[in-house]
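In my numbering, the protein residues as written are 13 to 200. The beta carbon of each residue, even a glycine, is placed where N, CA and C say it ideally should be.
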């Protein structure tokens, strides 16, 4: 059931969108950003899988940028990456169809690059009526300046900038459950 409060993220309404965490793109991210991006994305994937939140994954021109990195690909379960050349994942009809088939109206968006493919996907999601949440610690750009600019852009587009832990615990909703125990262990 969707909440009247746009900041109320619910597992039953949400889909996790993983944007372009690929070999050549991740290699271009700053050394001190890369481990946190991978860790935080893996936390959200684990939480999503534990709570039945569908995961939709994109790869930007994998022929040139390589596949999704093993650290993420190995956590995705049956969520197969969808190739795209459009910067917005919604610009790829197969991605848009996969997202629409989930029936979810909220989107958690993670990945790279924050100021290009993440931002353009967020704009299209908001225009399509989705409630959009972007964990700032689960998106990255090659430069800190572009990452900062992206935070303002996604906010201006109507998305909610948040954090991995905030999203994970919002999805879990209560202590004492198996998903709570999983997320608590992962964020330590």
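Nearest-angstrom Cα separation, counted from residue j out to residue i
i	j	result
residue 123	residue 87	15 angstroms
residue 33	residue 141	25 angstroms
residue 143	residue 198	26 angstroms
residue 25	residue 118	6 angstroms
residue 40	residue 47	13 angstroms
residue 152	residue 16	30 angstroms
residue 81	residue 29	15 angstroms
residue 150	residue 109	24 angstroms
residue 27	residue 89	15 angstroms
residue 38	residue 56	18 angstroms
residue 200	residue 168	32 angstroms
Integer Cβ distance of residue i from residue j, believed to fall under 8 angstroms
i	j	result
residue 184	residue 146	Not a contact, Cβ separation roughly 19 angstroms.
residue 173	residue 166	6 angstroms
residue 74	residue 95	6 angstroms
residue 194	residue 58	6 angstroms
residue 182	residue 21	4 angstroms
residue 138	residue 115	Rounded, the Cβ-Cβ distance is 18 angstroms, inconsistent with contact.
residue 52	residue 176	4 angstroms
Contacts around residue i, its chain only, beta-carbon distance under 6 angstroms, and the 5 residues preceding and following it disregarded
i	result
residue 91	67, 69
residue 54	87
residue 50	83
residue 44	none
residue 158	127
residue 93	69, 71, 80
Own chain, CB closer than 8 angstroms to residue i, minus 5 neighbours either side, in chain order
i	result
residue 100	129, 132, 133, 135, 136
residue 36	76, 77, 78
residue 63	23, 183, 184, 191
residue 102	108, 111, 133, 136, 137, 140
residue 85	79, 93
Nonlocal neighbours in the same chain, by C-beta distance under 7 angstroms from residue i, ignoring five residues either side
i	result
residue 163	148, 173
residue 161	127
Closest Cα partner of residue i within the set the options
i	options	result
residue 111	186, 21, 31	31
residue 97	109, 114, 71	71
residue 65	113, 85, 38	113
Cβ-based burial, residue i [other Cβ within 10 Å; buried from 16]
i	result
residue 186	exposed
residue 191	buried
residue 189	exposed
residue 19	exposed
residue 61	buried
residue 42	exposed
residue 105	exposed
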